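Per this note's numbering, residue 669 is the first one in the sequence shown, and the count goes up by one each step.
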Amino acid sequence: MQVFSDEYFMGKAMDLARQAFEEGEVPVGAVVVADGKQIIGKGYNQTEKLNDVTAHAEMLAITAAANTLDAKYLRECTLYVTLEPCVMCAGAIAWSQLDRIVFGAYDAKKGYSAISNKIIHAKKEVFGGIMAEESEALLKEFFDKLRT
669 MQVFSDEYFM
679 GKAMDLARQA
689 FEEGEVPVGA
699 VVVADGKQII
709 GKGYNQTEKL
719 NDVTAHAEML
729 AITAAANTLD
739 AKYLRECTLY
749 VTLEPCVMCA
759 GAIAWSQLDR
769 IVFGAYDAKK
779 GYSAISNKII
789 HAKKEVFGGI
799 MAEESEALLK
809 EFFDKLRT
């Protein structure tokens with residue numbers, strides 16, 4: 669099976685963010701990838717649809733991946749998410765033992781790194797800023813629409 673690039677999988681997460689946008693949700697999408705090869709979990713924000721403040725893209729993708737593997741730990745997996753995870757999602761990432769986290773736009777107000785980088789274990793690989801401009805543009809469009 670072919671190994672794909674970070675941009676390829678972030679593109680898949682962006683597709684999910686666009687779906688969230690179309691459904692009136694904050695446009696954030698996430699995928700969990702096993703061994704750099706296969707998407708095993710997907711999610712996009714559904715807090716409005718499910719009336720659940722915990723229904724963030726990352727949480728739904730992590731749950732889907734755990735169900736796919738029939739395991740609670742996601743070792744040798746990477747989470748791709750279009751926006752820096754919040755503290756709640758960073759905690760779930762830590763507990764699920766994902767090896768890598770790749771995110772798009774930084775979130776200066778609610779991103780976990782605004783509180784503490786220690787939420788995610790120091791030995792985990794974290795990369796921010798991948799396709800950040802696309803993610804920021806979609807978020808800006810969403811919030812501009814809300815304000816009009």
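Idealized CB from N, CA, C, for every residue including glycine.
Note that the coordinates shown come from a computational prediction; the quantities given were computed from them, not determined experimentally.
- Membership of Lys-710 in any alpha helix (DSSP H) is not indicated; the residue belongs instead to the beta strand (DSSP E) covering 706 to 712.
- Taken atom to atom, the span from the alpha-carbon of Gly-759 to that of Val-721 is near 15 Å.
- Ala-776 carries a coil assignment under DSSP once its states are collapsed to helix, strand and coil.
- By DSSP's assignment, Glu-793 forms a beta bridge with Arg-768.
- By the neighbour-count criterion, in which 16 or more other beta carbons inside 10 Å mark a residue as buried, Ile-769 falls on the buried side.
- Taking Gly-711 as reference, the option from Asp-775, Glu-793, Leu-747 and Leu-814 with the minimal CA-CA separation is Leu-747.
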